[in-house]
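The structure appears right after this line, and notes come after that.
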Amino acid sequence: MTDTTGQEEVLKSYDSALMKRLLAYLKPYLAVFLLSIGALLLATAGELYIPILIQRSIDNHILPYHRAIRVDSAPGEILNKLDTVQTDFVIDGIYYFPTSRLSDLSVLEKNYLKDKGILSSENYIVVKDYNRKPRIKSILNRYPDFFKANQLNAVIEEKDLSSFDRESLRIIRGDHYRGLSFIGLQFLFILIGVLIFTFSQVYLLAYVGQMLMKDMRTHVFDHTLGLSLKFIDANPVGRLVTRITNDVETINELFTTVISSLLRDASLMVGVLAVLFILSPHLACITLLSLPPVIVLALIFRVKARDAFRRVRQAVSQINSFLSEHISGMRIVQLFAQEKQSREEFNKRNRRLLKANLGEMYVFASFRPFIDLLSSVSIAVIIYFGANFLVRDMISLGILIAFINLIRKFYEPVRDLSEKYNILQSAMAGAERVFELLDEKSIISQPSSPIFLDRTKGNIVFDNVSFQYKDGETVLKNLSFSVEPGETIAIVGYTGAGKTTIASLLTRMWDIQEGAILIDGINIRDIPTSSLRRKVQSVLQDVFLFSGSIESNIRLECSISPEEIERAIKLVKADTFINKLPQGLETELNERATNLSMGQRQLISFARVLAHNPDILILDEATGNIDTETEKLIQEALKNLLKARTSLVIAHRLSTIRNADRIIVLHRGELLESGSHEELIRKRGMYFNLYQMQFQDI
Amino acid sequence: MLKEFKTLLPYFKKYSLSYLIGLFFLVLTDGGQLYIPQLIRRAIDMIASGSFLLSNVMILSAQMVGIAFIIAVSRFSWRYFIHGSSRRIEQQLREKLFVHLQSLSSTFYRKAKTGDLMARFTNDMRAIRMASAMALVAFIDGFFMTIAILVILFSQNPLLTLYSISPLPIITIGVIFFGRIIGERFRRIQEGFSNLSEMAQESISGIRVLKTFVREKAFVKRFARTNQDYTERNMALVRIWGLFFPLVAFLAGITTLIFLLLGGRAVMEGSLSPGEFTAFLSYLHMLIWPMMGAGFTINMIQRAGASLGRINKILNEVPDISSPPAAITHRIDGNINIRNLTFSYPESQEPVLSDISLDIPRGSILGILGKIASGKSSLVQLLPRILDPPDGTLFIDDRDIKSYELGTLRSAIGMVPQDGFLFSASIRENIAFGSKNGNGDLLKKVACISTIDRDFNTFPDGWDTIVGERGVTLSGGQKQRVAMSRALASDASIYIFDDSLSSVDTETEDFILRELFPFISGKTLILISHRISTLKAADHIIVLDKGRIIQQGRHDELITVRGFYADIYKLQQLEETIRRKK
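Residue numbers (the working numbering), protein chains in the order written: chain A, 15 to 712; chain B, 660 to 1241.
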């Protein structure tokens, strides 16, 4: 509990070193990653184009207003600002031009023109090329009062349009109808494009994230398997599994959620601002004024959210560790009748968690309304100033509407900033824990100038070996003995005498503190562990079988031929029961092989070691209850197993011990007696007593 | 599934006022949101008319700011009331679950996995909280907004509305339909994830085998295959999940497109004002979330139902060991009688104790010797009713132990369990765990008896040293001695030492026993041990084998008869001589 709080202190919201390490995993997928960013940018561009399309449809087709200016009275330089006068649109000495052109004139100029009556305040609609359109022409002829026309084009004042019925309007504004449809078509294409690009972006980024996680998981798994037993035994298996699975998973969120939305949000916001400036620089500048409060708010929020988030995480980890401890130790709580106290303890933590949760809720519950408020205020401000600009003919109605739509889009990414921030935080915390495991250096050191074992004769020497698992708990003390090639040695002793430890030391699962262990005269520290362990193998007392078939448990992913496996199971007499199973060797074992009896599991472990054919075998005999029939099989199997190789047997069976060449009696980590069965019986020492008690563990 | 929600009913009732206030603010928020487009409409129409007073636009803008302010306040308020309530409900449900777990006996804990129970407190609670806040909000919000917007739009232009919103129901159907496929693929991911976890779990648990046969690399390859499979399952979800939101956006876009074409014409033809056009666009935009929300609500409620089901299963578990009605609560002296006790675990037929009859008078010491799995621990766990004996077999002070109030019974027993489970608290807190008035003197005394005080100078913070998760920072002997002090600090009448001196050397053991006996004089002591040196001081010793008493008597009696006790005695004497020689 205390160390988690410590961790939290270390945790920074953004740790660049951590990020760098994460990005190293990205390297192989950089191309795909860039591709997905490309798709993202295209999708964002498409999204931004939609408000522009709406603006265009309003300004060019739905409300395509024109203004009238008297060509002869207007000053030439002003006319030039309105583009060269197109004579096609000059009717009776008046030039009709799109309203949007007026934004190029200064307010002074516009006021001057209006005051002089040179520029109309009324809006006109232009009907182009009416001569070629007989239906328009007939309307024109029917209502000559409404229209003014030259040879080519006609105009009508906007307010006069309301005098026409819908049919006639459709004829008069046919061009605009078609224009609108054309925009609709563009709109559809853009939508399809956005759909494709967004999907591609999401898919590609998820692919990168998944691949990255896959690499990382394998890497962490690989690293963990390489760690020494000293480290693995000191850590609960569940915790290590969490590092490989859950913690890596949180990093995935970083990629699929945070990075993608961060890029999307950034490009969207920049894009919106760019479009705003293109549409109307003046109005865009006013919009920009709302940016500082957003930034300030986001910065304040970032700090508040981090603190709140940290408090929640602390409270959660406290309550979780309390729970897991008190669920597994519930018996103790009940034994001491401390339910009330432990309930109070729980409530204290539970209340702390509630407080932290509520604290987080306040932060989050106020952020979003604030941002929405800012968004609405921005829109209100834009409407006011937009109206101002519109009066001065600086912008069109379409542009004002586009601004309203775009500002909404601008604020969208900011709204769920909180959620993204949260994800970023837990991803970073997860990454930190994963890297912490990857930085764990507790491995059995490999020799700098390794000696590889080829064919070993099988001579073993323990020379003054002292060993302790934990400081102050000596397991073996100055232990010395030697084993000749081909010999079978039985090691006997009381529980806790250090028998099992000998097996772990000979295969270098642990390193000894004093003395030396030699195989064929070579110190095992000079042999690479992989080479050593191929030659020296042990059968553990506690048989561990993996889920999978019996065959795969014997093979252990090695290249062993089916014949060799058959031979091994025959030699250890495991064939009798395996053949009785409906699927034989292919029988699937459940977790911990609970569908086999203990004796059967043991026979499989014998077959396993026999199939791997070590030069030196260490057998840690199991003690549990085994039915007499299997027991008989095991005894015969043992004979075959120990034949023709140097063997150390940590023995519990009288028969095994009697068949050994020599017996070593251990007591509290020290060698007490050694010799043959007869010698030791005659000595009437510890062995004799153990013998009388049938070597049972008590 | 809905009946699972009954568990939440009392909480909903308790917080009904908060919920009602929250919902009021939620509707107010919605109302405000619905009003803003109306203001925009009026502003645009005013502006579009060409002749207007800027001050009028100013008024509209000011109104909009005002409404936005009300929205902000009420949005905060509904979150405060609804999320706040859901957090409080979560807290109380968590407490209820924990308290219930406390009442369940070892029968339950033998079946239950800690990890599973933890998941009830984390994942399932989260799902329930989501349903009790977000699902409710999404439902009310979606319902209210959808109806309101539809009314506004239809009243303005029914035909235009009908055409424009036609793609939207596809979103709801899509969410439900996609939700199913997503649910299925998600389930497959979870499956893949647990395959992966199991694989990792198994490989790390079996690390000795892997290292013995140098198969680490091969298993990394095997892991990589499972890993690949998991990745593929994830990608299968991405293919559909990644399509989902873009598709929603596409459908929303189509709605806008239809409206642009038809609404644009309506503006041209004068049946729709430019302001109405803009407002319409806003309203359509506002419809999309409720359409999605409707689908999500269904999924969220389903998930919460499943989670509640799992929690209810625990809550419905009836505690099988509890105090009887009219339980005895007076002080226990410590006279124990066992009458023809035969006991087997509920899940098996095989008795672990057969026909045990024994008297342990108050103030006496009983020694128990026996092989592994001979029933020693089971016997002593029956006394505090961690395991429940059959009626009429176990008596304390001439009353069936089942007639005592459970707390009274257990407080009267000071047990040092075999595994010496400690909590990750300080040594002081661990020792004072069972003592109601654990004053400093008493704690010092019991730390001295167990000799753990001798180790204090090696601990970084002495009494306040934190022992780490399950006492990992302590050695086996230290753990045993802390657990022993813990039992002694509790004011019990009966003490039980379940093989509690096994990791302590014989000199220390001598010291402990010398100090212990006067400390507990007048109280009953049951000592389970493998060591004759521990047992020999007992007033009476029983030897258990396969659940039966095979030998009993005093130490000096037992060593004279051939049997298990005498064998062990001889062996240990020999050990002792070896030790002395050195």
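For glycine and all other residues, C-beta sits at the position ideal for the given N, C-alpha and C.
#### Entry: First and last residue of the uninterrupted beta strand (DSSP E) at methionine 1074 of chain B
Residues 1072 to 1075.
### Amino acids of chain A, ordered along the chain, whose beta-carbon sits closer than 7 Å to that of asparagine 999 of chain B
Per Cβ cutoff of 7 Å: no residues; asparagine 999 of chain B is ~26 Å from chain A at best.
### Cutoff 7 Å; reference glutamate 578 of chain A; Cβ partners in own chain excluding five residues on either side
Ala625
### Task
Can you tell me which of the three DSSP states arginine 698 of chain A falls into?
coil
### Query
Roughly how many whole angstroms lie between the Cα atoms of threonine 18 of chain A and serine 331 of chain A?
In this prediction, threonine 18 of chain A has a pLDDT of 38, which is less than 50 and means its spatial position is unreliable; what the coordinates show is noted afterwards. If I take the Cα positions, the gap works out to 8 Å.
### Message
When you compare the CB of aspartate 279 of chain A with every CB in chain B, is at least one pair closer than 9 Å?
### Response
no
### Query
Are the stretch 228 to 236 of chain A and the stretch 501 to 520 of chain A touching by the rule of at least three beta carbon pairs closer than 8 Å?
no
#### Entry: Within 9 Å, strictly: CB atoms of leucine 554 of chain A and alanine 504 of chain A
no
### Query
Taking Cβ-Cβ distances shorter than 9 Å, what residues in chain B pair up with histidine 75 of chain A?
Gly923 and Met927
### Task
Please name the residue in A:Lys657, A:Glu446 and A:Met408 whose C-alpha comes closest to that of leucine 32 of chain A.
A:Glu446
### Query
Can you tell which of B:Lys1195, B:Arg746 and B:Ser1180 has the C-alpha that lies nearest to the C-alpha of leucine 1186 of chain B?
B:Lys1195
### Query
What residues in the stretch 858 to 874 of chain B have a beta carbon less than 7 Å from any beta carbon of chain A?
Ala859, Gln860, Glu861, Ser862, Ile863, Ser864, Gly865, Ile866, Arg867, Val868, Leu869, Lys870, Thr871, Phe872, Val873 and Arg874
### Query
Hey, quick one: how far does the beta strand (DSSP E) through proline 112 of chain A stretch, first residue to last?
108 to 112
### Task
Name the residue from B:Phe878, B:Arg839 and B:Lys770 whose alpha carbon lies nearest to the alpha carbon of methionine 959 of chain B.
Of the candidates B:Phe878, B:Arg839 and B:Lys770, B:Arg839 places its Cα closest to the Cα of methionine 959 of chain B.
### Query
Relative to the C-alpha of leucine 62 of chain A, which residue among A:Val208, A:Leu694, A:Asp589 and A:Ile309 is closest?
Considering only alpha carbons, the answer is A:Val208.
### Task
Check each candidate in B:Val879, B:Arg884, B:Asn886 and B:Asp888 and name the one with the smallest Cα separation from leucine 239 of chain A.
B:Val879
### Query
With distances taken from CA atoms, which of B:Met858, B:Phe909, B:Phe1080 and B:Ile841 is nearest phenylalanine 203 of chain A?
B:Phe909
### Query
Since histidine 1199 of chain B contacts leucine 1025 of chain B with CB under 8 Å, what's their CB separation in whole angstroms?
Correct: roughly 5 Å between the Cβ atoms.
### Message
Let's see if you can read the secondary structure: which residues bound the beta strand (DSSP E) around alanine 511 of chain A?
### Response
Alanine 511 of chain A -> no beta strand (DSSP E), and no H or E assigned at all.
### Query
In whole angstroms, what separates the C-alpha of leucine 56 of chain A from that of glycine 801 of chain B?
Straight-line Cα distance between these residues: approximately 32 Å.
### Separation of aspartate 1056 of chain B from isoleucine 1153 of chain B, as counted between CA atoms
12 Å
### Task
Compile a chain-ordered list of the residues in the stretch 706 to 722 of chain B whose CB is closer than 8 Å to at least one CB of chain A.
Going along the stretch 706 to 722 of chain B in chain order, one finds Ile706, Ala707, Gly709, Phe711, Leu713, Val716, Met717, Leu719, Ser720 and Ala721 with a Cβ nearer than 8 Å to chain A.
### Message
Residues of chain A with CB closer than 7 Å to the CB of glutamine 697 of chain B, please, in chain order.
### Response
In chain order: nothing, as chain A lies at least about 13 Å away.
### Contact list for threonine 773 of chain B against chain A, beta-carbon separation under 8 Å
Ser338, Ile341 and Ser342
### Message
Assuming histidine 666 of chain A is part of the beta strand (DSSP E), what are its boundary residues?
### Response
Neither: histidine 666 of chain A is in no beta strand (DSSP E) and is coded neither H nor E.
### Message
Looking at valine 448 of chain A: is its Cβ nearer than 9 Å to the Cβ of isoleucine 265 of chain A?
### Response
yes
### Residue from B:Phe939, B:Ile1201, B:Leu1081 and B:Tyr1224 with nearest C-alpha to tyrosine 822 of chain B
Out of B:Phe939, B:Ile1201, B:Leu1081 and B:Tyr1224, B:Phe939 has the C-alpha closest to the C-alpha of tyrosine 822 of chain B.
### Task
Check whether the Cβ of glutamate 23 of chain A lies closer than 9 Å to any Cβ atom in chain B.
Confidence at glutamate 23 of chain A is low in this model, with a pLDDT of 39, below 50, so the placement of that residue is unreliable and no value is reported for it.
### serine 459 of chain A - DSSP class collapsed to helix/strand/coil
Collapsing the DSSP output to three states places serine 459 of chain A in coil.
### Task
Starting from valine 724 of chain B, find everything on chain A with Cβ-Cβ shorter than 9 Å and list it in chain order.
Leu387, Ser390, Val391, Ala394 and Val395
### Task
Return helix, strand or coil for threonine 301 of chain A, following the three-state DSSP convention.
helix
### Exposure label - aspartate 143 of chain A; buried when at least 16 CB within 10 Å
exposed
### Task
Name the residue from A:Ile421, A:Gln482 and A:Asn371 whose alpha carbon lies nearest to the alpha carbon of alanine 322 of chain A.
A:Asn371
### Query
Just to confirm, are arginine 924 of chain B and tyrosine 43 of chain A a CB contact at a threshold of 9 Å?
no
### Message
Classify lysine 972 of chain B: buried if its beta carbon has 16 or more other beta carbons within 10 angstroms, exposed otherwise.
### Response
By the neighbour-count criterion, in which 16 or more other beta carbons inside 10 Å mark a residue as buried, lysine 972 of chain B falls on the exposed side.
### Task
Look at the alpha carbon of serine 563 of chain A and the alpha carbon of lysine 653 of chain A, and state the distance between them as a whole number of angstroms.
26 Å
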